[in-house]
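Shown next, in structure tokens, is the structure this report addresses.
Protein chains: 2
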Amino acid sequence: MNPEVIKKRLQQVRTYMQNNNLQALIIPSSDCHFSEYVAEYYKCREYLSGFSGSAGTLVITKDAAALWTDARYFLQAEQQLMGTGIILMRDGWKETPALTEWLIEQLPAESRIGLNGDLFSVENIKTLQAGVKGLKIIPLSDFMCEIWNERPPMPLAKVFFLPEEITGCSSEKKLSQVRELLQMEKNDVYLLTVLDQIAWLFNLRGTDIDYNMVTFCYAIVFYDHAILFINPQKLSKTEIEDLSHRKIEVIPYDKFESYLSQLNTCRIFYNPTQLSYNHYTKLMEMGCTMLREPDNFGMVNSLKGIKNDTEIAGFRKAMIEDGIALTRFYMWLEGLLKRGAVSSEKQISDMLHLFRSESDLFIRESFESIVGFRQNGAIVHYAVTNQSSITVDNSGFLLIDSGAHYRCGTTDITRTIHLGPPSEAEKTDFTLVLAGHIDLAMTQFPVGTCGTQLDIIARRPLLEKGGNYLHGTGHGIGHCLNVHEGPFAIRKDYNPVTLKPGMVLSNEPGIYRQGLWGIRTENVMLVKEGEKTDFGNMLQFEILSLCFIDTRSICPQLLTEKQKEFLNHYHGEVYRKLSPHLSSEEKLYLAEKCRAI
Amino acid sequence: MNPEVIKKRLQQVRTYMQNNNLQALIIPSSDCHFSEYVAEYYKCREYLSGFSGSAGTLVITKDAAALWTDARYFLQAEQQLMGTGIILMRDGWKETPALTEWLIEQLPAESRIGLNGDLFSVENIKTLQAGVKGLKIIPLSDFMCEIWNERPPMPLAKVFFLPEEITGCSSEKKLSQVRELLQMEKNDVYLLTVLDQIAWLFNLRGTDIDYNMVTFCYAIVFYDHAILFINPQKLSKTEIEDLSHRKIEVIPYDKFESYLSQLNTCRIFYNPTQLSYNHYTKLMEMGCTMLREPDNFGMVNSLKGIKNDTEIAGFRKAMIEDGIALTRFYMWLEGLLKRGAVSSEKQISDMLHLFRSESDLFIRESFESIVGFRQNGAIVHYAVTNQSSITVDNSGFLLIDSGAHYRCGTTDITRTIHLGPPSEAEKTDFTLVLAGHIDLAMTQFPVGTCGTQLDIIARRPLLEKGGNYLHGTGHGIGHCLNVHEGPFAIRKDYNPVTLKPGMVLSNEPGIYRQGLWGIRTENVMLVKEGEKTDFGNMLQFEILSLCFIDTRSICPQLLTEKQKEFLNHYHGEVYRKLSPHLSSEEKLYLAEKCRAI
Numbered sequence: 005m006n007p008e009v010i011k012k013r014l015q016q017v018r019t020y021m022q023n024n025n026l027q028a029l030i031i032p033s034s035d036c037h038f039s040e041y042v043a044e045y046y047k048c049r050e051y052l053s054g055f056s057g058s059a060g061t062l063v064i065t066k067d068a069a070a071l072w073t074d075a076r077y078f079l080q081a082e083q084q085l086m087g088t089g090i091i092l093m094r095d096g097w098k099e100t101p102a103l104t105e106w107l108i109e110q111l112p113a114e115s116r117i118g119l120n121g122d123l124f125s126v127e128n129i130k131t132l133q134a135g136v137k138g139l140k141i142i143p144l145s146d147f148m149c150e151i152w153n154e155r156p157p158m159p160l161a162k163v164f165f166l167p168e169e170i171t172g173c174s175s176e177k178k179l180s181q182v183r184e185l186l187q188m189e190k191n192d193v194y195l196l197t198v199l200d201q202i203a204w205l206f207n208l209r210g211t212d213i214d215y216n217m218v219t220f221c222y223a224i225v226f227y228d229h230a231i232l233f234i235n236p237q238k239l240s241k242t243e244i245e246d247l248s249h250r251k252i253e254v255i256p257y258d259k260f261e262s263y264l265s266q267l268n269t270c271r272i273f274y275n276p277t278q279l280s281y282n283h284y285t286k287l288m289e290m291g292c293t294m295l296r297e298p299d300n301f302g303m304v305n306s307l308k309g310i311k312n313d314t315e316i317a318g319f320r321k322a323m324i325e326d327g328i329a330l331t332r333f334y335m336w337l338e339g340l341l342k343r344g345a346v347s348s349e350k351q352i353s354d355m356l357h358l359f360r361s362e363s364d365l366f367i368r369e370s371f372e373s374i375v376g377f378r379q380n381g382a383i384v385h386y387a388v389t390n391q392s393s394i395t396v397d398n399s400g401f402l403l404i405d406s407g408a409h410y411r412c413g414t415t416d417i418t419r420t421i422h423l424g425p426p427s428e429a430e431k432t433d434f435t436l437v438l439a440g441h442i443d444l445a446m447t448q449f450p451v452g453t454c455g456t457q458l459d460i461i462a463r464r465p466l467l468e469k470g471g472n473y474l475h476g477t478g479h480g481i482g483h484c485l486n487v488h489e490g491p492f493a494i495r496k497d498y499n500p501v502t503l504k505p506g507m508v509l510s511n512e513p514g515i516y517r518q519g520l521w522g523i524r525t526e527n528v529m530l531v532k533e534g535e536k537t538d539f540g541n542m543l544q545f546e547i548l549s550l551c552f553i554d555t556r557s558i559c560p561q562l563l564t565e566k567q568k569e570f571l572n573h574y575h576g577e578v579y580r581k582l583s584p585h586l587s588s589e590e591k592l593y594l595a596e597k598c599r600a601i
Numbered sequence: 005m006n007p008e009v010i011k012k013r014l015q016q017v018r019t020y021m022q023n024n025n026l027q028a029l030i031i032p033s034s035d036c037h038f039s040e041y042v043a044e045y046y047k048c049r050e051y052l053s054g055f056s057g058s059a060g061t062l063v064i065t066k067d068a069a070a071l072w073t074d075a076r077y078f079l080q081a082e083q084q085l086m087g088t089g090i091i092l093m094r095d096g097w098k099e100t101p102a103l104t105e106w107l108i109e110q111l112p113a114e115s116r117i118g119l120n121g122d123l124f125s126v127e128n129i130k131t132l133q134a135g136v137k138g139l140k141i142i143p144l145s146d147f148m149c150e151i152w153n154e155r156p157p158m159p160l161a162k163v164f165f166l167p168e169e170i171t172g173c174s175s176e177k178k179l180s181q182v183r184e185l186l187q188m189e190k191n192d193v194y195l196l197t198v199l200d201q202i203a204w205l206f207n208l209r210g211t212d213i214d215y216n217m218v219t220f221c222y223a224i225v226f227y228d229h230a231i232l233f234i235n236p237q238k239l240s241k242t243e244i245e246d247l248s249h250r251k252i253e254v255i256p257y258d259k260f261e262s263y264l265s266q267l268n269t270c271r272i273f274y275n276p277t278q279l280s281y282n283h284y285t286k287l288m289e290m291g292c293t294m295l296r297e298p299d300n301f302g303m304v305n306s307l308k309g310i311k312n313d314t315e316i317a318g319f320r321k322a323m324i325e326d327g328i329a330l331t332r333f334y335m336w337l338e339g340l341l342k343r344g345a346v347s348s349e350k351q352i353s354d355m356l357h358l359f360r361s362e363s364d365l366f367i368r369e370s371f372e373s374i375v376g377f378r379q380n381g382a383i384v385h386y387a388v389t390n391q392s393s394i395t396v397d398n399s400g401f402l403l404i405d406s407g408a409h410y411r412c413g414t415t416d417i418t419r420t421i422h423l424g425p426p427s428e429a430e431k432t433d434f435t436l437v438l439a440g441h442i443d444l445a446m447t448q449f450p451v452g453t454c455g456t457q458l459d460i461i462a463r464r465p466l467l468e469k470g471g472n473y474l475h476g477t478g479h480g481i482g483h484c485l486n487v488h489e490g491p492f493a494i495r496k497d498y499n500p501v502t503l504k505p506g507m508v509l510s511n512e513p514g515i516y517r518q519g520l521w522g523i524r525t526e527n528v529m530l531v532k533e534g535e536k537t538d539f540g541n542m543l544q545f546e547i548l549s550l551c552f553i554d555t556r557s558i559c560p561q562l563l564t565e566k567q568k569e570f571l572n573h574y575h576g577e578v579y580r581k582l583s584p585h586l587s588s589e590e591k592l593y594l595a596e597k598c599r600a601i
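Here it is in structure tokens:
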């Protein structure tokens with residue numbers, strides 16, 4: 005993006021601010037549903053700053069603008085903000101002021117700070133208001149309508165419903181589970197605003213947001229029926245009728261806010277982190293009885309996080325589809341380079357898409373593929389464009405983090421493959437990352453353990469040699485839904501949600517040497533029951549992902565015997581599960597890749 | 005204790021309850037200063053239940069009584085409560101009701117639950133009152149005066165002051181640090197109630213509580229002077245005069261409560277977890293402005309937790325004294341058994357005391373030694389008595405957890421030594437515990453890491469084989485003060501306090517096979533600066549304790565090369581630092597014990 009364009013847009017914002025007596029505006033990344041990734045319609049922060057990462061908050065004052073983002077995006081943001089005058093605020097660095105501190109420093113007391121109250125939860129606003137002390141937070145409606153001239157329209161993609169053979173549980177059963185857990189009485193309602201939660205509850209899937217399987221909607225669960233607020237154009241007549249038979253009424257999406265007025269005599273269960281400030285305020289003004297739902301993380305979120313046997317079987321099937329595609333893809337790539345040809349990050353990304361889309365079950369990618377060669381691999385959330393794409397030859401590490409939604413499950417996998425002979429330093433980094441990955445995968449841990457406690461296991465081999473990675477180790481993975489889902493995670497930050505059998509999550513340690521290379525090894529794992537011992541019941545992980553790991557980049561003396569055994573066993577499983585689906589040539593290729601070390 | 009005696013005492017309590025219209029009484033373990041270990045005067049819970057562990061809460065109703073304690077004490081409490089009718093409530097077990105739940109279940113609504121409001125902090129009472137819902141918490145003064153006929157007197161031991169050569173910081177400097185950190189103004193006061201905090205602040209030491217180096221006192225820090233509330237009999241005239249020169253006034257301990265009335269015009273900094281409900285209420289009634297101190301864990305606690313160079317040097321010196329005593333002790337014990345003689349846990353405990361007390365710097369033990377042979381080693385906080393003491397011969401593991409206060413520092417060390425030839429199962433357990441101990445000791449970790457994240461490192465080798473221990477991995481250690489001190493720890497529970505250079509803590513994984521054996525290997529470690537890397541600054545541990553580890557109980561193939569190297573290096577250091585102080589016979593013995601594996 006040309007920085008002059010950004011400067012002009014900021015000027016427009018400042019005119020709006022002046023007209024409305026606002027001394028600052030806060031522009032977050034989120035949409036009205038607290039989504040992590042958003043539709044084009046909601047990319048206001050990107051429109052105004054040029055920074056296209058998934059996480060970041062822009063603050064604009066009369067004379068300054070600043071953007072806070074996390075370590076995944078430091079390099080990318082540096083590049084994209086260059087020349088715009090927007091200051092990059094690196095979250096997590098000691099010298100970085102908190103957004104609220106910065107506002108206090110920049111603005112005179114009593115200044116008015118505007119924000120779109122649809123994009124902030126009740127909790128967000130409370131925290132913000134407490135943080136900015138003498139300044140005033142002014143929640144507005146969507147002011148970007150006045151600023152963004154050629155704003156893209158709200159998406160209107162058709163939706164589809166997943167059958168019980170794939171979800172393992174009907175929407176009726178899920179609804180009654182919710183009603184039971186809330187001990188709902190006749191006058192009670194449960195408000196749902198988060199898209200993947202609603203999609204899970206109604207076994208509904210859509211493609212409104214790139215890479216996610218969700219559709220824009222709201223839902224209200226009543227004692228004996230439910231309402232789905234969704235643009236009816238997205239559904240067929242039969243689907244609407246079918247929903248109606250199952251006591252699920254369809255009401256247009258844009259009627260949600262006005263519908264809230266009809267709830268004035270109800271007790272409303274809501275989640276303070278998942279209900280927008282504007283909606284909350286409206287309900288309060290109508291005198292509704294507002295009850296925090298008992299599960300801080302969202303009851304539907306917690307239910308959704310534990311996959312049933314059908315979903316787990318679907319994940320396994322998806323991993324085979326993905327493994328076949330990846331084997332063929334790497335065989336193609338290596339063949340190409342062997343013939344002396346070169347490729348580009350862009351071509352590689354496109355080819356990977358082609359190989360995956362050969363599967364009948366393939367729907368779409370589950371996130372934008374990261375294809376980073378050599379120094380580009382060190383940009384943690386690198387998105388290759390025609391401009392950034394560099395030539396890939398047989399001279400360094402190629403990091404590919406990619407995944408897909410299949411009709412039965414979702415994948416997310418990172419492999420780093422050295423395309424030439426790796427140096428000793430490259431091998432050391434690769435092996436330490438792998439050692440941490442394996443250590444975490446083979447850990448047994450007591451029931452009651454949360455991800456915060458496990459995180460260091462994957463980092464330890466790196467830390468010992470002065471390495472580390474400034475991102476989390478693992479995230480939950482939705483079932484043909486969002487590739488990132490809560491409420492559990494494996495991160496150093498405190499997260500009280502304990503791991504339970506049926507949870508599916510990633511294991512992705514890495515190391516990033518700026519200007520040199522990036523390495524990450526990621527598999528999806530399932531939490532399973534482990535031993536029952538005198539000291540309590542244990543849990544274990546099982547790796548679900550099926551793709552070889554680059555053994556030529558391993559320095560064997562940096563692995564323990566146990567780690568080597570684990571790796572050899574994993575490679576045995578990869579070959580056993582994938583080979584029946586491969587041609588004899590492909591089998592030979594994979595057998596070589598899976599050879600024991 | 006005869007269970008009939010306990011039953012009689014409970015009867016007396018019930019009479020008191022009836023006379024005062026109380027339907028329940030809660031008897032905690034603590035004293036007015038929130039001490040972990042208490043003087044005889046305060047052992048009300050032990051007096052009424054017979055359970056002598058350091059942690060436990062007794063609840064008495066008209067018809068029932070129950071005692072909550074943690075995993076360290078399950079076996080001991082089972083034995084000591086037998087026949088008393090008191091139900092043992094095992095904290096941490098899923099089926100164990102919370103104390104508040106149990107009360108709700110037992111009592112009709114509106115029931116009055118009495119407790120001594122001197123023993124509960126403002127926070128405690130808030131949490132309790134919220135927990136018992138419709139029941140009423142009634143804070144009383146010390147009702148045990150009416151119940152406990154031959155209650156021991158409050159201790160009156162003389163105190164002493166540590167010179168700056170040992171503390172590394174004068175009390176004046178510490179006081180001005182406190183005043184600065186609180187940005188105290190003329191009318192401000194800071195209330196201190198916790199004994200080790202006051203002791204640290206005034207470089208004061210006492211022996212009022214067994215094994216701790218504290219004296220009963222309160223303190224108030226003013227803008228330009230301070231008051232120490234202490235029984236003046238504990239001080240010499242010179243000491244009182246000297247304090248007065250340093251603007252520290254001495255007022256008798258029992259005048260503290262009445263003195264509070266003089267603070268009615270002051271702003272009072274206090275810690276809600278460290279000020280008793282009764283004192284807080286009094287201050288509020290007088291209309292004082294109450295300000296929570298900014299440090300949730302207590303500012304003095306946080307200052308005290310980071311040892312200065314003089315204190316660290318003192319710790320090192322104490323470790324040498326301790327290591328000499330332990331070498332001589334084990335040499336004596338092995339010699340005895342080699343001659344075909346037997347010993348007893350009690351004799352061993354007494355002999356260990358004798359060897360330690362040979363040091364000129366020795367003051368007292370830092371906690372009651374745990375000497376557990378074979379199955380007694382599985383009782384985590386086993387206290388040997390003449391009755392429980394069993395014969396020690398050359399047939400099993402002997403676990404000894406002991407430590408001492410020396411004038412320059414404090415030790416806390418556990419060694420488990422096999423006195424005969426260990427079985428394969430014993431060796432496996434021993435080696436897995438050692439592997440975890442070593443892994444934690446050699447971990448490097450980024451600045452900003454808290455103990456919660458590190459805990460699993462010490463457990464991992466055990467967990468992999470289905471083992472675990474149901475206690476924390478490490479606690480802070482006071483400098484010639486309390487052997488347990490906060491605010492940091494290495495435990496699975498969440499503790500946001502990050503580890504910082506200068507912190508001194510234990511590393512004590514173990515495994516306990518009920519009826520068979522207990523194994524624990526514990527060293528005291530110092531947190532130090534580690535590498536400065538591209539990924540941030542690192543921290544490391546350094547082991548301070550100096551005593552050999554029983555290499556004959558190691559199964560070498562269960563250790564990695566790195567772990568073996570670490571152990572051999574540690575043993576090299578033990579020999580290097582202790583041998584100059586040993587006789588040639590002792591040197592030979594230690595050299596053999598420290599031989600590389």
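Chains W and Z supply the protein sequences, listed in that same order. Each residue of the first sequence is one higher than the one before, counting from 5 in the numbering used here. Each residue of the second sequence is one higher than the one before, counting from 5 in the numbering used here. Where is the CB? At the ideal position from N, CA and C, for every residue including glycine.
Excluding sequence positions up to five away, which residues of its chain have a Cβ less than 7 Å from the Cβ of residue i?
| i | result |
| --- | --- |
| E546 of chain Z | M529, L530, K532 |
| E590 of chain W | T331, R332, M335 |
Is the Cβ-Cβ distance between residue i and residue j less than 8 Å?
| i | j | result |
| --- | --- | --- |
| T293 of chain W | R271 of chain W | yes |
| L103 of chain Z | F55 of chain Z | no |
| I394 of chain Z | S348 of chain Z | yes |
| E596 of chain W | I417 of chain W | no |
Does residue i have its Cβ less than 8 Å from a Cβ in chain Z?
| i | result |
| --- | --- |
| N472 of chain W | yes |
| P491 of chain W | no |
| V450 of chain W | Note that residue 450 of chain W is Pro in the sequence shown here, rather than Val. At least one chain Z Cβ lies under 8 Å of P450 of chain W. |
What residues in its chain sit with their C-beta under 8 Å from that of residue i, if we drop five residues either side in the sequence?
| i | result |
| --- | --- |
| K469 of chain Z | T432, L436 |
| I328 of chain Z | S363, L582, H585, L586 |
Note down, in chain order, every chain B residue with its Cβ under 8 Å from the Cβ of residue i.
| i | result |
| --- | --- |
| Q457 of chain Z | Any reference to chain B falls outside this structure, whose protein chains are W and Z. |
Determine whether the Cβ of residue i lies closer than 8 Å to any Cβ atom of chain W.
| i | result |
| --- | --- |
| E468 of chain Z | yes |
| T104 of chain Z | no |
*Segments assigned alpha helix (DSSP H), at least 4 residues, entirely inside the region 138 to 201 of chain Z*: 148 to 151, 168 to 171, 175 to 185
*Using a Cβ cut-off of 9 Å, which residues of the region 533 to 551 of chain W contact any Cβ in chain Z, in chain order?*
G534, E535, K536, T537, D538, F539, G540, M542
*Curious, which full-length alpha helix (DSSP H) runs of at least 4 residues does the region 244 to 326 of chain Z contain?*
260 to 263, 281 to 289, 303 to 309
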